[in-house]
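Asker: Let me begin by handing over the structure; questions about it come next.
Residue numbers (this note's numbering), protein chains in the order written: chain R, 3 to 441; chain W, 2 to 458; chain D, 197 to 295.
Dropping the structure here:
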């Protein structure tokens, strides 16, 4: 194997699920709507139209920055990123250049820290559909708020990337700011991949892979790319700086367009939008809306509730499930219930998201309540059981303690579980003794 | 009834008093359009009567989107563009019972100071058809000057209202940047563009400003300061300190200079104090303006790709392409700091310069243009001729302060000359009031009436 | 800012960025005019601007937003969006296939 180390950075785009678009009041929910029916002068880029930013989108992007341990900028602004493409109606995308909403964050995954370079806000483009000799354009998605998260090139292992992305996905869903649905494209993943002989040295090229819609595919794409690039380098060929696509069937990447001519976006401050100033109190107010994040929850479940780490992990993945767990925990269903009991009830269910708090409560209660045993019926069933299993009774009498458990099993089955096991054992033993004494 | 020369407010009163019907009024102006527009080419689109049957008709510069009325910015790129929405300015005018007579010619995309770069042919100066009306709101100024329209709306990026107002002998007000919404105005220099009125007198200008000024939820850069009733407060209550600076007389034609001096003497006679001040040379503002405006233009014209509306980019004429090329250059990698950022910094210096001066004076007066109107074709001969003609408007434009140009007489060529009064941010009231006092005193030496004399009914 | 001599390649690069097709004559012309303009704005270097903050707008406004979920009065009714388009199909805008 070679001495090359993969050097990977990530760009992740997350569509916010605000009700309105980023710079106009058109609905932001564009999925499966008739083409161009959710457009207005602003998001269609008509002459003379002007953008006004959506406050919630800004607040949510800041919230995400805070969740990723970023420093929120006290002064921020929008900039124009100028380029031409048919899905970009204005000839520029309103984005953020040198004063993003937040910078310098990190995310810890299994004791490893991955640095986040910046989190900024921008607008989505329209959608292109290639049919026959035509390309069709739908601008319903144009202007939907998009958060871009850029990591440092801190990753050297595709598995770390996968774990990081899973954690980020969970956080975004925790914050309730996006569906982060990769099939629908509301979360888009773009790894920048290169390989180097020196882990501390960034190579002078990088390959960006686009159109990946699952975490597993990201891992596969990285693995493929790393192998491809090392093979090239070992033949003394430098990998081209380019954008590649991912073919999920073949599990390979393919060249999309090379960036031989460096892009020059001619960023400049968006003159149509006054700058943003965030005071400490304002940032703190947003911070106070931060829920307990999944990793903190996991640790608390382990430390405070003595849950097994794997169970705590599973419970904390979905904030709705975690919330139900904690709600039931607070209700005090009955005495001597351990958090693990509630956890087990939830974990044993396949469809955890549809489970209601009421159902969990009932289930826990059922499992834990001292069972009221109808002793008359129990006496009858015990007699019957002893009568029809004389050989087992004999074994017991001969000192085979195990034999009694066999009888308990039969009695419990007959009682349909509505009997306290300890009581059943006691009654069985005393009945056998009585019968023994008589004979 | 004799309507020639009636002001917007006078016509409004006649309508309200039912002295004249909407139809009569509209027909009167349509008749004048038919009679005089072919020679002047001031309007390039006349709106249908059906769309605008009532209210005093106004001429609107063709860079304001008007719902259902073709809007071209005088460029073939937008040859058949029918906006599906209304600009805030025109919407507010309509809300106040005014109507749109038609759309006026401009330099294509408002790129110019002569209205010669229009793809629909140049507008002629009503005072001399061999001369330009100034620009870029040349069509609007000419329409008022020849009474094709009782008043008009224009827009200024640097001199585009004041310049043509001076050369056509009418009143032109450029409000503070952010005082009037730009929503629906085809963007030229986004950090500079200001809609404003061109009128025969101050009352009409104050009335129109009162309508179009104020916060607009669709333009994030509009000020939240409430608009005033400028008309009500026109009478000046106190004596002002008027700043005059030598820098604004450099290279100004001797006759213009003499006429401005004469006007300054009238201000003095009215009890105002004249104070010599020092300002940065307007030459710096030309450079700042050139860089910032081209940069913003290069980005603002990006949307014209012919996909959603209009024609493809090969329909851009020379001037637009030139500006886009320069703007692209100054914003491009490696040059941004040397040009765009440097210009933004000098812009700060110009703003500070004005702020300091306004600690000592209430207003600044200066010539509007260095000369009276040029002949058609002169602009093409020299690079930066437009910028040089607008030199006295540019410092005010890049700093965003308000200014008004008023007629102060005719020169030896029988062409109007304008004087501008610049005020502090959002102090439109003071410049309007001082101009109003001047108007009462001089009646602009009869310039407006003399202008109409050549355009009888 | 020393006087910069622009090459034809640079002009073509700019034209590409600006999405403009230029004729040979235009390339020559803009090359010359660009140089003239660059020379023209050189006077800015006479002013020291070391610590001066750049002004990108003169309004002094900050934090201008709209509230999410506000009723949209501007969203186009069906087919209005494509009304001015030269090429459209089933509610879509159409260009020649690009991929």
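Glycine included, every Cβ here is placed at the ideal spot set by N, Cα and C. Keep in mind that this is a model prediction, so the values were computed, not measured.
Can you look up residue 322/R in the DSSP assignment and give me helix, strand or coil?
Answerer: One-based indexing of the first chain puts residue 322/R at position 320. Of the three classes helix, strand and coil, the one that applies to residue 322/R here is helix, per DSSP.
Asker: With distances taken Cα to Cα, identify the nearest neighbour of residue 497/R among 113/R, 89/R, 192/R.
Answerer: Nothing about residue 497/R can be read from this structure; chain R reaches only from 3 to 441.
Asker: Please go through the same chain and pick out, in chain order, the residues whose beta-carbon is closer than 6 Å to the beta-carbon of residue 24/R, but skip the five residues on each side of it.
Answerer: Looking up residue 24/R in the first chain gives position 22. So the list reads 56, 59, 125, 145, 147, once near-sequence residues are dropped.
Asker: With DSSP as the reference, identify every bridge partner of residue 428/R, one or two as the case may be.
Answerer: As a first step, residue 428/R is located in the first chain; it is residue number 426 there, counting from the start. In DSSP, residue 428/R forms no bridge with anything.
Asker: Applying the criterion that 16 or more other CB atoms from any shown protein chain within 10 Å of the CB defines a buried residue, is residue 68/R buried or exposed?
Answerer: Along the first chain, one-based indexing puts residue 68/R at 66. Buried is the call here.
Asker: Is it buried or exposed, residue 203/D, if we count other Cβ atoms within 10 angstroms and call 16 or more buried?
Answerer: Position 7 of the third chain, counting from 1, holds the residue named residue 203/D. Looking at its Cβ environment, which holds fewer than 16 other Cβ atoms inside 10 Å, residue 203/D is exposed.
Asker: Check this for me: beta carbons of residue 224/W and residue 297/W, under 8 Å apart or not?
Answerer: Working through the second chain from its first residue, we reach residue 224/W at position 223. Working through the second chain from its first residue, we reach residue 297/W at position 296. The answer is no: Cβ separation not under 8 Å.
Asker: Is there at least one Cβ from chain W nearer than 8 Å to residue 138/R's Cβ?
Answerer: Locating residue 138/R in the first chain gives position 136, counting from the first residue. Judged by the 8 Å Cβ criterion, residue 138/R is not in contact with chain W.
Asker: If you draw a straight line from the alpha carbon of residue 196/W to that of residue 89/W, how long is it in whole angstroms?
Answerer: Taking the second chain and counting its residues from 1, the one referred to as residue 196/W is at position 195. Taking the second chain and counting its residues from 1, the one referred to as residue 89/W is at position 88. When rounded, the distance between both Cα atoms is 10 Å.
Asker: Using 8 Å as the limit for Cβ to Cβ distance, is residue 219/R near chain W?
Answerer: Numbered from its first residue, the first chain carries residue 219/R at position 217. Judged by the 8 Å Cβ criterion, residue 219/R is not in contact with chain W.
Asker: Taking the C-alpha atoms as reference points, what is the distance between residue 197/D and residue 337/W?
Answerer: In the third chain, counting from the first residue as 1, residue 197/D sits at position 1. In the second chain, counting from the first residue as 1, residue 337/W sits at position 336. Residue confidence is low: residue 197/D scores 44 on pLDDT, short of 50, so the model does not pin down where it sits. Its coordinate-derived value is still stated next. C-alpha separation (whole angstroms): 12 Å.
Asker: Residue 244/W and residue 369/W: beta carbons closer than 8 Å?
Answerer: If you number the second chain from 1, residue 244/W lands on position 243. If you number the second chain from 1, residue 369/W lands on position 368. Cβ atoms of residue 244/W and residue 369/W: not closer than 8 Å.
Asker: Pop quiz: residue 143/W and residue 41/W are said to be a contact at Cβ under 8 Å. What is the actual Cβ separation, rounded to whole angstroms?
Answerer: The residue labelled residue 143/W in the question sits at position 142 within the second chain. The residue labelled residue 41/W in the question sits at position 40 within the second chain. The Cβ separation is near 5 Å, so the contact holds.
Asker: Locate the beta strand (DSSP E) running through residue 192/R, then write down its first and last residues.
Answerer: For this step, residue 192/R is matched to residue 190 along the first chain. Run containing residue 192/R: 189-198, per the beta strand (DSSP E) assignment.
Asker: Excluding sequence positions up to five away, which residues of its chain have a Cβ less than 7 Å from the Cβ of residue 219/R?
Answerer: Within the first chain, the letter at position 217 stands for residue 219/R. Closer than 7 Å at the Cβ level, and outside the excluded window around residue 219/R, lie 248, 250.
Asker: I believe residue 45/W touches residue 7/W by the beta-carbon criterion, under 8 Å. Please report the beta-carbon distance rounded to the nearest angstrom.
Answerer: The residue labelled residue 45/W in the question sits at position 44 within the second chain. The residue labelled residue 7/W in the question sits at position 6 within the second chain. That belief does not hold up - the Cβ atoms of residue 45/W and residue 7/W are roughly 25 Å apart, past 8 Å.
Asker: 8 Å is my cut-off, CB to CB: does residue 259/W come that close to chain D?
Answerer: By one-based count along the second chain, residue 259/W stands at place 258. No, residue 259/W lies away from the interface with chain D (no Cβ there is under 8 Å from its Cβ).
Asker: Excluding sequence positions up to five away, which residues of its chain have a Cβ less than 8 Å from the Cβ of residue 67/W?
Answerer: For the purposes of this step, residue 67/W is identified with residue 66 of the second chain, where counting begins at 1. Hits under 8 Å: 48, 61, 84, 87, 88, 91, 101, 104.
Asker: Would you say residue 27/W lies against chain R (beta-carbon separation less than 8 Å)?
Answerer: Here residue 27/W is taken as the residue at index 26 of the second chain, counted from 1. No, no contact with chain R.
Asker: Where residue 109/W and residue 232/W are concerned, what is the direct C-alpha to C-alpha distance, given to the nearest angstrom?
Answerer: Translated into positions along the second chain, residue 109/W becomes position 108. Translated into positions along the second chain, residue 232/W becomes position 231. Looking at the two C-alpha atoms, the distance is approximately 33 Å.
Asker: Looking at the structure shown, is residue 286/W part of a helix, part of a strand, or coil, going by DSSP?
Answerer: Numbered from its first residue, the second chain carries residue 286/W at position 285. Note: residue 286/W maps to helix in three-state DSSP.
Asker: Scan the stretch 299-322 of chain R for residues whose Cβ lies nearer than 9 Å to a Cβ of chain D and list them as they occur along the chain.
Answerer: Cβ contacts with chain D: none found.
Asker: Looking only at C-alpha atoms, which of 318/W, 303/W, 206/W, 262/W sits nearest to residue 432/W?
Answerer: Taking the first residue of the second chain as 1, we reach residue 432/W at position 431. Minimum Cα distance to residue 432/W is reached at 206/W.
Asker: Taking C-beta to C-beta, are residue 223/R and residue 232/R nearer than 8 Å?
Answerer: Taking the first residue of the first chain as 1, we reach residue 223/R at position 221. Taking the first residue of the first chain as 1, we reach residue 232/R at position 230. Cβ distance not < 8 Å, so residue 223/R and residue 232/R don't count as in contact.
Asker: Taking the Cβ atom as the reference point for each residue, do residue 406/W and residue 139/W lie within a distance shorter than 8 Å?
Answerer: What you label residue 406/W is simply residue 405 of the second chain in a count that begins at 1. What you label residue 139/W is simply residue 138 of the second chain in a count that begins at 1. No, the Cβ-Cβ distance between residue 406/W and residue 139/W is not below 8 Å.
Asker: What first and last residue would you give for the alpha helix (DSSP H) that runs through residue 442/R?
Answerer: No information on residue 442/R is available, as it lies outside the stretch 3 to 441 that chain R covers here.
Asker: Who does residue 120/W pair with in a DSSP beta bridge?
Answerer: For the purposes of this step, residue 120/W is taken as the residue at position 119 of the second chain. BP columns for residue 120/W are empty, so no partner.
Asker: Tell me the residue span of the beta strand (DSSP E) that contains residue 132/R.
Answerer: Indexing the first chain from 1 puts residue 132/R at position 130. Counting along the chain, the beta strand (DSSP E) containing residue 132/R begins and ends at 129-133.
Asker: Measure the alpha-carbon distance for residue 341/R versus residue 250/D and round it to whole angstroms.
Answerer: Your numbering for residue 341/R matches position 339 in the first chain. Your numbering for residue 250/D matches position 54 in the third chain. So the two alpha carbons sit approximately 59 Å from each other.
Asker: Between the stretch 347-355 of chain W and the stretch 244-259 of chain D, can you find at least three pairs of beta-carbon atoms closer than 8 Å?
Answerer: As far as the Cβ criterion goes, the stretch 244-259 of chain D touches the stretch 347-355 of chain W, which means the pair count is three or higher.
Asker: Please specify which runs of the alpha helix (DSSP H), each continuous and at least 4 residues long, are wholly inside the stretch 325-362 of chain W, giving them in chain order.
Answerer: With a minimum length of 4 residues, the continuous alpha helix (DSSP H) runs that stay inside the stretch 325-362 of chain W are 343-358.
Asker: So, for residue 15/R: in the same chain, excluding its five sequence neighbours on each side, which residues have a beta-carbon less than 6 Å away from its beta-carbon?
Answerer: Taking the first chain and counting its residues from 1, the one referred to as residue 15/R is at position 13. So the qualifying residues of the chain are 148, 150, 190.
Asker: Which of the three DSSP states is assigned to residue 197/D in this structure?
Answerer: Along the third chain, one-based indexing puts residue 197/D at 1. Legend: pLDDT at residue 197/D = 44, less than 50; position of this residue unreliable, no value from coordinates given.
Asker: Based on the DSSP output, what are the partners of residue 110/R in its beta bridges?
Answerer: For the purposes of this step, residue 110/R is taken as residue 108 along the first chain, with counting starting at 1. Answer is 115/R, bridged to residue 110/R.
Asker: Once DSSP output is grouped into helix, strand and coil, what is the label at residue 43/W?
Answerer: The residue given as residue 43/W occupies position 42 in the second chain. Coil, per DSSP.
Asker: Residue 413/R to residue 402/R, Cα distance in whole Å?
Answerer: Sequence index remark: in the first chain, residue 413/R carries index 411 (1-based). Sequence index remark: in the first chain, residue 402/R carries index 400 (1-based). Rounded to the nearest angstrom, the two C-alpha atoms are 18 Å apart.
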